[in-house]
Amino acid sequence: DAGVTQSPTHLIKTRGQQVTLRCSPKSGHDTVSWYQQALGQGPQFIFQYYEEEERQRGNFPDRFSGHQFPNYSSELNVNALLLGDSALYLCASTLVDGELFFGEGSRLTVL
Amino acid sequence: SQQGEEDPQALSIQEGENATMNCSYKTSINNLQWYRQNSGRGLVHLILIRSNEREKHSGRLRVTLDTSKKSSSLLITASRAADTASYFCATEPFYNNNDMRFGAGTRLTVKP
Chain A
1 DAGVTQSPTH LIKTRGQQVT LRCSPKSGHD TVSWYQQALG QGPQFIFQYY
51 EEEERQRGNF PDRFSGHQFP NYSSELNVNA LLLGDSALYL CASTLVDGEL
101 FFGEGSRLTV L
Chain B
112 SQQGEEDPQA LSIQEGENAT MNCSYKTSIN NLQWYRQNSG RGLVHLILIR
162 SNEREKHSGR LRVTLDTSKK SSSLLITASR AADTASYFCA TEPFYNNNDM
212 RFGAGTRLTV KP
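Heads up: the protein sequence lines correspond to chains A and B, in order. Quick note on our numbering: the first sequence kicks off at 1 and runs consecutively. Quick note on our numbering: the second sequence kicks off at 112 and runs consecutively.
#1: For S7 (chain A), which residues from the same chain have a beta carbon less than 6 Å from its beta carbon, with the 5 sequence-adjacent residues on both sides left out?
#2: Given a limit of 7 Å on CB to CB distance, which residues of the stretch 14 to 32 of chain A reach chain B?
#3: Between which residues of its own chain and Y72 (chain A) is the CB-CB distance below 7 Å, once the five residues before and five after are set aside?
#4: Grab the span of the beta strand (DSSP E) containing E116 (chain B) for me, first residue to last.
#5: Please report the straight-line C-alpha distance between R36 (chain A) and E126 (chain B), rounded to a whole angstrom.
#6: Do you know how far the Cα of M211 (chain B) is from the Cα of I160 (chain B)?
#7: Is there a C-beta anywhere in chain B that falls below 8 Å from the one on P43 (chain A)?
#8: Let me confirm a value: N142 (chain B) is counted as buried when at least 16 other C-beta atoms fall within 10 Å, else exposed. Which label applies?
#9: Between S179 (chain B) and T217 (chain B), what straight-line distance do the alpha-carbon atoms span, to the nearest angstrom?
#10: Should S112 (chain B) go down as buried or exposed, given a rule of 16 or more other Cβ atoms within 10 Å for buried?
#11: Is H168 (chain B) close to chain A, meaning its C-beta is less than 8 Å from at least one C-beta of that chain?
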């Protein structure tokens with residue numbers, strides 16, 4: 001049973017560029033959440049997708065957007081990248097009981 | 112914004128000793144969870160305690176929850192070098208069960 005998978009694992013972008021990160025949830029999970037984790041900090045909630053809709057959003061600007069597909073996989077898009085967007089981006093899937101299953105993350109470096 | 116706050120920020124102990132980490136939070140919750148993260152990798156769920164529970168055990172882990180003080184503690188007994196990691200508490204707010212909010216974590220180092 002595959003767990004949560006994320007791609008790419010590492011990427012480097014320059015300021016102003018756009019990036020797309022991908023996530024496949026654990027088999028049977030229909031809810032996907034995205035988190036940003038800066039170095040030395042805890043994960044910060046970006047948003048959550050359920051039934052292809054954004055159900056909840058954290059305190060992130062509109063430059064951060066997402067999508068969920070019918071197979072429950074999800075994408076995180078960040079436009080107009082800033083240096084401060086450099087972080088580990090974590091995807092987590094869940095069922096109704098709230099336990100989050102995390103992928104290994106995508107480490108984004110913005111130069 | 113972050114909901115939980117772990118204390119201490121860093122903890123260093125010898126193998127075999129017990130490690131205690133604390134978490135305080137601000138709003139009423141449905142449940143509180145503890146996660147572990149090895150350096151720069153994904154988080155792994157350790158234990159979930161619901162708001163109507165006071166104590167829970169899982170192997171060498173013991174979690175307590177005091178909703179009146181809005182605090183929780185994680186005890187790892189008989190620590191091992193492999194327990195070296197960052198530990199985070201996460202809370203599911205009572206008013207919104209659609210997201211989990213994490214603290215900044217406690218960095219635990221267990222020396223062999």
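A virtual CB, placed ideally from N, CA and C, is assigned to each residue, including glycine.
Considering the structure as presented:
#1: Sequence index remark: in the first sequence, residue 7 (chain A) carries index 7 (1-based). Excluding five sequence positions before and after S7 (chain A), the CB atoms of its chain that fall closer than 6 Å to its own CB belong to R22, given in chain order.
#2: Of all residues in the stretch 14 to 32 of chain A, none has a Cβ within less than 7 Å of some Cβ in chain B.
#3: For the purposes of this step, residue 72 (chain A) is identified with residue 72 of the first sequence, where counting begins at 1. P25, H29, D30 and V32.
#4: On the second sequence, position 5 is the one that residue 116 (chain B) refers to. Looking at the DSSP string, the run of the beta strand (DSSP E) that includes E116 (chain B) is E116 to D118.
#5: To locate residue 36 (chain A), count along the first sequence from 1; it is residue 36. To locate residue 126 (chain B), count along the second sequence from 1; it is residue 15. Residue identity check: residue 36 (chain A) is Gln in the sequence provided, not Arg. Annotation: Q36 (chain A) to E126 (chain B) spans about 32 Å, alpha carbon to alpha carbon.
#6: Counting from 1 along the second sequence, the entry for residue 160 (chain B) is found at position 49. Counting from 1 along the second sequence, the entry for residue 211 (chain B) is found at position 100. One alpha carbon belongs to I160 (chain B), the other to M211 (chain B), and they sit about 13 Å apart.
#7: Walking along the first sequence from the start, residue 43 (chain A) turns up at place 43. Using a Cβ-Cβ cut-off of 8 Å, P43 (chain A) counts as an interface residue toward chain B, since at least one Cβ of chain B sits closer than that to its own.
#8: The residue given as residue 142 (chain B) occupies position 31 in the second sequence. Buried, by the Cβ-count rule.
#9: Indexing the second sequence from 1 puts residue 179 (chain B) at position 68. Indexing the second sequence from 1 puts residue 217 (chain B) at position 106. Taken atom to atom, the span from the alpha-carbon of S179 (chain B) to that of T217 (chain B) is near 23 Å.
#10: Taking the first residue of the second sequence as 1, we reach residue 112 (chain B) at position 1. Because the pLDDT of S112 (chain B) is 46, which lies under 50, any placement of that residue in the model is unreliable, and the number read from its coordinates should be weighed accordingly. Label assigned to S112 (chain B): exposed.
#11: Within the second sequence, numbered from 1, the residue matching residue 168 (chain B) stands at position 57. No, no contact with chain A.
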